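Heads up: the structure comes next, in C-alpha cells.
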Amino acid sequence: MKYSYLSHLECPKCSSIYSAEEVQQLCQCGSPLLAKYRLDEVKTNIKREDLQRREKSLWRYHELLPVHTIENVITLGEGYTPLVTVPKIGAKYGIDDLYIKDEGIIPTGSFKARGAAVGVSKAKELGVKTLAMPTNGNAGGAWSLYSAKAGIESFIVMPKEAPAITRVEVHISGSHLYLINGLISDAGKVVAHLVKEKGFYDVSTLKEPYRIEGKKTMGYEIAEQMDWKLPDVILYPTGGGVGIIGIYKALLELKELGWINEEKLPRLVAVQAEGCAPIVKAWEEGKMESEFWENSETNAFGINVPKAIGDFLVLQAIRETGGCAISVSEESIKNSQQEVASLEGNFICPEGAATFAAAKILRENNWIKPNETVVCLNTGQGIKYPESFEVESAVLEKGEAIIL
Ligand SMILES: *Cc1c(COP(=O)(O)O)cnc(C)c1O
Ligand SMILES: [Zn+2]
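Residue numbering for the sequence shown follows our numbering, beginning at 69 and increasing consecutively.
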C-alpha cells in the first residue's frame, strides 16, 4: 500500500492544476496552491480504526500527507498533542464543555513544528538544497531546526523585535539569521529579493503548498480525539491563517472520506488582536479579501500579520462554516493567559490566550451557547516569551518574601 495518496496541486482561485512531483510556489494567478489526494483510494484502503495502532504523531495520517516515502520523513515527534477539558475556565466563562488543544507540548514549543516537519520533509523529497523564509519568530525557529535535521541550508529573516528565544533557535541550528527593522511584511520583501537573486526555495507562508498540510493535522486530531464527533466551535489565533485554512481543509477531507458524518462542521472562529485585525475588518465589512493593516502592533507576535496572502481562504472557511472573526484587546489576552495558568496549569502563549479571551466575549454575547462544545487552540508554549512579562511588579523582582 502507498505511503501517501498525494495526487496533484490545485489552485483554489482559478482551478489550474500543477504537478506535485516538482517544486512549485504560487499559482500563476498569484493564489496559494492546495494539495489534492486520491481520497477515493484512501477510502477503499484505509479505515479510521486503522489509525488506532499507529504512532502518536502527525505522521499517523501519512496517507493524507504529501511525503511519498518514509525515508524522507524528518520528524522530531510532532503532533498528537493533548486535547483536554479546562473545566474551571469553562465554569468561569460559562461554557460547560470547553477544551484546550495544547500545541505548547510539541517540539520547538509552537505548532509551527507541524508545518515545518511536513514542509521540510517534502522539500527534502523534492531535492531542495536551500530555503528562505520571513517569520515572526516561531516559524523561523521550527524551520531552521527541521532544516538542520534534513541537511537543508536555511535563510531566516525576522523582525528584530521577535521573541529572543526564536533568534537563538535559528542561530544554534546553524541557519543564517537576518534581522530587520520592520514587520514580517518587510521581512517578506527581503526574502523575495533573496529568492530572485539566488534561486532559493521560498517557504513564506502559503508560497509553498505543504506547510498547510502539516498544520491541517490539527483538524484530523481534534476529530479523532473526540471520537469523530466534532465540537460546535473551534477558535484559532489567526495571523497568516494557515492553521484555520488547514483545519477547514482537513474537515472537508474527512467528510469526503466518510470518517465524520456530521451535517454541520464546527463554526470556525478567526481570532485577532485589536492592534492587528485585518481579517476581522474584512469580515465585518463583508469583504472577500483584507486590506493591509497599517502600524500593526500586538504582544501576540505570531498573529502580527498585517496582510495575509491566504486571507480570502480564511474568510471563506469562516463563512462556509457559519463562523466569525473577532478581535480582542491586549489586556484581555493578558488576563486570559493568567486565568488559564492559575486555574488550569497551562502556561499558554499570548496567541493562544487570545482564543480564550474571544471565547469569553462570544459567550457573553451569546454567539456561543452555554451547552456547546468549544475548542480553544493554544498554539505555543508561554515559556517561549519571557520578555512579554516585563518585571512589572515587585513580586517578579523580589519574590513575595525573603525567608531566612
Ligand atoms: C504563527 C503563529 C500563529 C498564527 O498562525 P497562522 O496559521 O499563520 O495564522 C499563532 N500562534 C503562534 C504562537 C504562532 O507562532
Ligand atoms: Zn490560480
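Each residue gets a CB set at the ideal place from its N, CA and C atoms; glycine is no exception. In this text, all values refer to a predicted model and were calculated from it rather than measured experimentally.
Practice prompt. Give me whichever residues DSSP pairs with Ala-341 in a beta bridge.
Written response: Cys-344, Val-396
Fill in: Residue range of the unbroken alpha helix (DSSP H) whose run includes Ala-210
206-218
Worksheet item: Taking the DSSP output, what are the residues bridged to Ile-302?
Response: Leu-336, Val-443
Worksheet item: Identify the residues that DSSP records as bridge partners of Gln-449: which are they?
Response: Ile-416
Discussion item. My assumption, with CB atoms under 8 Å, is that Ile-174 sits in contact with Glu-193. Please give the rounded CB distance.
Written reply: About 22 Å; that fails the 8 Å criterion.
Discussion item. Between which two residues does the beta strand (DSSP E) holding Met-201 run?
Written reply: 198-202
Fill in: Any non-hydrogen atom of ligand 2 within 6 Å of Lys-323 CB
no
Worksheet item: With a CB to CB cut of under 6 Å and the five nearest residues on each side skipped, what residues in its chain are close to Pro-18?
Response: Since the displayed the chain opens at 69 and closes at 472, residue 18 lies outside it and no answer follows.
Practice prompt. Compare the C-alpha of Glu-353 against each of Gly-208, Lys-275, Cys-392 and name the closest.
Written response: Cys-392
Practice prompt. With DSSP collapsed to three states, give me the class of Val-373.
Written response: coil
Fill in: Rounded straight-line distance, which links the Cα of Gly-370 to that of Glu-419
7 Å
Discussion item. Taking DSSP's pairing of strands, which residues face Pro-227 in a bridge?
Written reply: Ile-248
Item to complete: Determine the extent of the beta strand (DSSP E) in which Ile-168 is found, giving its start and end residues.
Response: 165-170
Worksheet item: Who are the near neighbours of Lys-473 in its chain, counting only those whose CB is closer than 8 Å to its CB and skipping five residues on each side?
Response: Nothing can be reported for residue 473, as the shown portion of the chain is limited to 69 through 472.
Worksheet entry | Cβ pair Gly-450, Phe-415 closer than 7 Å | yes
Item to complete: Could you work out which residue in Thr-143, Leu-336, Asp-170 is closest to Cys-417 when comparing CA atoms only?
Response: Asp-170
Item to complete: Pick helix, strand or coil for Val-91, following the three-state DSSP scheme.
Response: coil
Discussion item. With a threshold of 8 Å, are at least 3 pairs of Cβ atoms found where one atom belongs to the segment 355-368 and the other to the segment 313-330?
Written reply: no
Discussion item. Between the segment 116-130 and the segment 392-403, can you find at least three pairs of beta-carbon atoms closer than 8 Å?
Written reply: no
Worksheet item: If we count the other Cβ atoms within 10 Å of its Cβ and call it buried at 16 or more, is Val-339 buried or exposed?
Response: buried
Worksheet item: Below 8 Å, can you find three or more Cβ-Cβ pairs linking the segment 291-301 to the segment 322-338?
Response: yes
Discussion item. Pull the bridge partners of Ser-222 from the DSSP assignment, please.
Written reply: Leu-199
Discussion item. For His-136, report the span of its alpha helix (DSSP H) as first-last.
Written reply: Run containing His-136: none; DSSP gives neither H nor E here.
Worksheet item: With respect to the beta strand (DSSP E) encompassing Val-152, which residues constitute its N-terminal and C-terminal limits?
Response: 151-153
Practice prompt. Please classify Leu-274: does DSSP put it in a helix, a strand, or coil?
Written response: coil
Discussion item. Please identify the residue among Pro-231, Lys-197, Gly-219 whose C-alpha is closest to the C-alpha of Gly-208.
Written reply: Pro-231
Worksheet entry | Classification of Leu-464 by the beta-carbon crowding that lies within 10 angstroms, buried from 16 upward | exposed
Practice prompt. Would you mind stating whether Lys-93 and Asp-270 have Cβ atoms separated by less than 7 Å?
Written response: The question names Lys, but residue 93 is Gln in the sequence shown. Their beta carbons are under 7 Å apart, which means Gln-93 touches Asp-270 by this criterion.
Practice prompt. State yes or no: is the C-beta of Leu-144 within less than 7 Å of the C-beta of Val-154?
Written response: no
Fill in: Check: Lys-355 C-beta below 6 Å from any heavy atom of ligand 1
no
Worksheet item: Taking all protein chains shown into account, do 16 or more other C-beta atoms lie within 10 angstroms of the C-beta of Pro-454, making it buried, or fewer, making it exposed?
Response: exposed
Worksheet item: Is the closest heavy atom of ligand 1 to the C-beta of Thr-149 under 6 Å?
Response: no
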